[in-house]
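> Just dropping this structure here.
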DNA sequence: TAATTTAGTTATAGAGCTATTACTAAAACG
DNA sequence: CGTTTTAGTAATAGCTCTATAACTAAATTA
């Protein structure tokens with residue numbers, strides 16, 4: 007019986023650790039035993055802080071969705087030109103993924119039980135709002151004449167989202183989050199330069 | 007004791023079914039029981055055809071890698087202009103994913119045991135060759151002056167791969183492979199039009 | 001047609017995971 | 001300081017999954 011911590015501290019530790027483990031072994035394969043082991047506890051100790059595993063994911067979900075939407079609000083309130091706000095949205099999201107590389111793992115996770123089903127659905131919903139926000143900024147930019155006319159907004163959104171996806175898949179394969187933001191900014195600027203009205207930008 | 011089939015037929019059935027299930031529930035969550043159930047057999051029947059689960063994935067891996075590389079060769083042998091060959095590579099890969107939507111699931115799968123580890127590694131290797139091939143075609147096109155000079159080949163590769171990734175993630179979220187090829191061709195053409203030397207292409 | 005092979009069955013060992021129960025001792029509180 | 005609360009433990013029930021063993025009957029082969 008060692009190192010007894012306050013419930014609040016321990017809960018926070020558990021939530022942070024489940025995200026670490028989710029990135030390492032995949033969200034669906036994080037066990038209560040692993041979680042406890044990493045915290046130097048026995049497996050049933052987890053159940054002093056959460057009634058069941060699903061509820062741990064529930065809190066993770068709320069926190070991640072909140073952070074996705076926080077980024078969304080930042081992009082929405084500023085009064086910059088639409089393409090600057092678009093860049094803020096994209097780089098903000100890449101920063102979130104860099105800080106929490108478990109996020110894309112959760113997005114593509116499959117789970118046998120229903121522990122992660124709610125998490126996945128909620129995060130998909132928040133990501134849907136993110137894509138809507140991208141679309142909104144692209145639409146504003148297009149109306150302001152900043153993009154090639156004839157460029158469909160839906161297609162532009164797919165291309166911009168593709169920049170993010172390309173980087174995120176590389177993260178999932180290499181397990182290395184460090185290059186995301188750096189390469190992200192360069193690629194985003196490039197993709198946008200290609201979509202802008204003014205001629206040869208390179 | 008019903009419907010006894012030849013070993014060859016049954017093996018093929020098992021391989022086809024594990025891919026179906028991998029798309030439905032995720033590769034790591036396909037159980038021998040599920041597999042047998044879908045084929046109208048009992049769970050241990052699977053072990054009359056494969057010594058263990060890992061070996062089923064091993065055969066799946068070989069078959070998928072072969073198909074990835076087959077597409078690669080088609081793109082390599084033709085004598086078309088480099089950007090036409092690039093398009094062939096990309097659309098060929100999207101066709102493969104449409105026919106076998108479990109492929110991206112395997113690429114991002116995490117498994118607790120080591121059943122899928124080899125599969126994932128081998129497929130990552132084949133996908134690395136695919137990206138190398140994209141890079142090669144883009145390099146040829148660039149040298150022939152078909153692309154904006156100043157466009158880094160590595161960046162161009164990320165953007166083209168991003169088109170694929172954007173579509174693949176949508177597939178994983180919507181579970182609907184039907185739109186891949188159709189939208190794929192349009193988005194690829196668009197991305198390439200933006201990267202081409204000749205001015206405003208829209 | 002009789003003997004052999006083998007695709008299939010039932011039963012079960014053994015491992016890992018979630019969650020509960022009963023107990024223990026460190027904090028918090030009066 | 002004594003009582004209460006609660007973060008922790010050990011033990012274990014119950015479930016699911018992989019794989020093996022022993023057996024059975026449908027095909028194949030002699």
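Residue numbers (my numbering), protein chains in the order written: chain A, 7 to 208; chain B, 7 to 208. Glycine included, C-beta positions come from ideal geometry on N, C-alpha and C.
Taking contact to mean 3 or more Cβ pairs, one atom from each stretch, closer than 8 angstroms, check whether the segment 18–36 of chain A and the segment 58–70 of chain A are in contact.
Judged by Cβ distances under 8 angstroms, the segment 18–36 of chain A makes contact with the segment 58–70 of chain A, as three or more pairs qualify.
> Can you pull the chain A residues whose beta carbon is under 7 angstroms from the beta carbon of residue 164(B), in chain order?
Per Cβ cutoff of 7 angstroms: 172, 193.
> Would you report the Cα separation of residue 147(B) and residue 88(B), rounded to the nearest angstrom?
Computed Cα separation, rounded: 5 angstroms.
> With respect to the alpha helix (DSSP H) encompassing residue 23(B), which residues constitute its N-terminal and C-terminal limits?
First-last of the alpha helix (DSSP H) with residue 23(B): 13–31.
> Cα-Cα, which of 81(A), 155(A), 54(A) is closest to residue 16(A)?
The residue with the shortest Cα to Cα distance from residue 16(A) is 54(A).
> Against chain A, which members of the segment 128–150 of chain B pass a CB distance test of less than 7 angstroms?
Cβ contacts with chain A come from 130.
> Does the beta-carbon distance from residue 130(B) to residue 118(A) come in below 7 angstroms?
Not in contact: residue 130(B) and residue 118(A) (Cβ atoms no closer than 7 angstroms).
> Note down, in chain order, every chain A residue with its Cβ under 8 angstroms from the Cβ of residue 39(B).
Here the premise fails: no neighbours, minimum Cβ distance about 12 angstroms.
> Under three-state DSSP, which class holds residue 153(B)?
Three-state result, residue 153(B): strand.
> Let me see if you follow: with CB-CB separation under 7 angstroms, is residue 57(A) close to chain B or not?
By this cut-off, residue 57(A) is not an interface position.
> Quick one: Cα of residue 38(B) to Cα of residue 75(A), how far?
Cα-Cα distance, rounded: 41 angstroms.
> Tell me whether residue 71(A), by its Cβ, gets closer than 6 angstroms to a heavy atom of the ligand FAD.
The model on display carries no ligand, and the ligand FAD is accordingly not part of it.
> Identify which residue in 198(B), 176(B), 108(B) has its Cα closest to the Cα of residue 154(B).
Ranking the options by Cα distance to residue 154(B), first place goes to 198(B).
> How would you call residue 20(A), buried or exposed, if buried means at least 16 neighbouring beta carbons within 10 angstroms?
Looking at its Cβ environment, which holds 16 or more other Cβ atoms inside 10 Å, residue 20(A) is buried.
> Which residues, taken in chain order from the segment 95–115 of chain A, show a beta carbon closer than 9 angstroms to some beta carbon of chain B?
So the list reads 110, 111, 113, 114, 115, given in the order they occur along the chain.
> Check whether chain B comes within 7 angstroms of residue 183(A), counting only Cβ atoms and requiring the distance to be less than that.
Closer than 7 angstroms: no.
> Quick check: is the beta carbon of residue 36(B) nearer than 7 angstroms to any beta carbon in chain A?
False, the Cβ-Cβ gap to chain A never drops below 7 angstroms.
> Just to check my reading of the structure: residue 139(B) and residue 82(B) have Cβ atoms closer than 8 angstroms, yes? What is that Cβ distance to the nearest angstrom?
Their Cβ separation, rounded to whole angstroms, is 7 angstroms, which keeps residue 139(B) and residue 82(B) in contact under 8 angstroms.
> Applying a beta-carbon distance threshold of less than 7 angstroms, which residues of chain B neighbour residue 32(A)?
Result: 116.
> For residue 202(B), which residues does DSSP report across the bridge?
DSSP output for residue 202(B) lists 153(B) as bridge partner(s).
> At the level of alpha carbons, what is the spacing between residue 80(A) and residue 145(B)?
Each residue's Cα considered, the two are about 39 angstroms apart.
> Starting from residue 58(A), follow the alpha helix (DSSP H) in both directions and report where the run begins and ends.
Segment: none, residue 58(A) is in no alpha helix (DSSP H) and carries neither H nor E.
> Please return the same chain residues whose Cβ sits closer than 7 angstroms to the Cβ of residue 41(A), not counting the five positions on each side in sequence.
Correct list, in chain order: 20, 23, 24, 27, 52.
> Please state the DSSP three-state secondary structure of residue 158(A).
Reduced to three states, the DSSP call for residue 158(A) is coil.
> Whether or not the segment 183–194 of chain B and the segment 181–199 of chain A are in contact is what I'm after, with contact meaning three or more pairs of Cβ atoms, one per stretch, closer than 8 angstroms; do they touch?
With the cut-off at 8 angstroms, the segment 181–199 of chain A and the segment 183–194 of chain B do not touch.
> Using a cut-off of 7 angstroms between C-beta atoms, extract the partners of residue 200(B) located in chain A.
Within chain A, the residues near residue 200(B) are 200, 201.
> Looking at chain B, which residues of the segment 15–26 of chain A have a Cβ within less than 9 angstroms of any of its Cβ atoms?
Against chain B - using a Cβ distance shorter than 9 angstroms - the segment 15–26 of chain A contributes no residues.
> Could you please give the first and the last residue of the uninterrupted alpha helix (DSSP H) stretch that includes residue 93(A)?
Where residue 93(A) is concerned, the enclosing alpha helix (DSSP H) stretches over 88–105.
> In whole angstroms, give me the CA-to-CA distance for residue 30(B) and residue 50(B).
Cα to Cα, the separation comes out at about 22 angstroms.
> Do we get a CB-CB distance below 7 angstroms when we pair residue 91(B) with the residues of chain A?
So no, residue 91(B) is outside the interface.
> Buried or exposed: which applies to residue 106(A), given that a residue is buried once 16 or more other Cβ atoms fall within 10 Å of its Cβ?
The residue in question, residue 106(A), is buried, as its Cβ has 16 or more Cβ neighbours within 10 Å.
> Under three-state DSSP, which class holds residue 189(A)?
Helix.
> So is residue 93(B) buried or exposed if we call it buried at 16+ other beta carbons inside 10 Å?
Buried, because 16 or more other Cβ atoms sit within 10 Å of the Cβ of residue 93(B).
> For residue 104(A), which of 11(A), 13(A), 174(A) has the nearest alpha-carbon?
Looking at the Cα atoms, 174(A) is the closest of the given residues.
> Using the beta-carbon of each residue, which ones in chain A are nearer than 8 angstroms to residue 122(B)?
Residues of chain A passing the Cβ test: none, with the nearest at roughly 10 angstroms.
> Roughly how many angstroms lie between the CA atoms of residue 32(B) and residue 203(B), to the nearest whole one?
Cα to Cα, residue 32(B) sits roughly 43 angstroms from residue 203(B).
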